[in-house]
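Participant:
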Amino acid sequence: MLLEGKVFLRTDDNKTLVAKAMEYNMDTKKLVSDSEVTVSADGTTIRGIGLRADKDLNKFTILKPSAITQGGTNPLKAAGSL
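Residue 16 is where the sequence shown starts when you use our numbering, and the numbers rise one by one after that.
1) To which residues does DSSP link THR60 through a beta bridge?
2) Hey, quick one: how far does the beta strand (DSSP E) through LYS21 stretch, first residue to last?
3) Could you give the DSSP three-state label for THR31: helix, strand or coil?
4) Taking the alpha-carbon positions, what's the ALA34 to GLN85 distance?
Quick look at the structure:
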C-alpha cells in the first residue's frame with residue numbers, strides 16, 4: 016500500500032513517524048520510505064532520508080540520518096559529528 020502526502024503514524028506506545036511518502040507491506044508488516052522522515056519516541060527525535068521499519072517502530076533504520084534531538088539538543092552536533 017502506497018501512502019503519499021503528509022503521512023503520520025502513531026503507535027500504541029506513542030512513538031510517531033512523519034514522512035512525505037511511505038509504502039506499507041501488509042504481508043511482512045514493514046514500512047519503507049525513501050523520502051524525508053522524522054521518528055520521535057521518549058523525548059528523542061531522529062530526522063533523515065529513507066526508512067526501513069517494522070509497523071510498531073520497535074526496530075527501524077534511517078538510511079541517511081541528519082539530526083538527532085534529545086530534550087531539545089542535538090548530541091551529534093555537540094560531539095562534533097555534524
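Ideal placement from N, C-alpha and C gives every residue a C-beta, glycine not left out.
Facilitator: On the basis of the data shown:
1) In the sequence shown, residue 60 corresponds to position 45, counting from 1. Answer by DSSP bridge pairing, in chain order: SER55 and THR84.
2) Taking the first residue of the sequence shown as position 1, residue 21 is located at position 6. Note, LYS21: beta strand (DSSP E), 17–25.
3) The residue you call residue 31 lines up with position 16 of the sequence shown. Three-state result, THR31: strand.
4) Numbered from its first residue, the sequence shown carries residue 34 at position 19. Numbered from its first residue, the sequence shown carries residue 85 at position 70. ALA34 and GLN85 have their C-alpha atoms roughly 20 Å apart.
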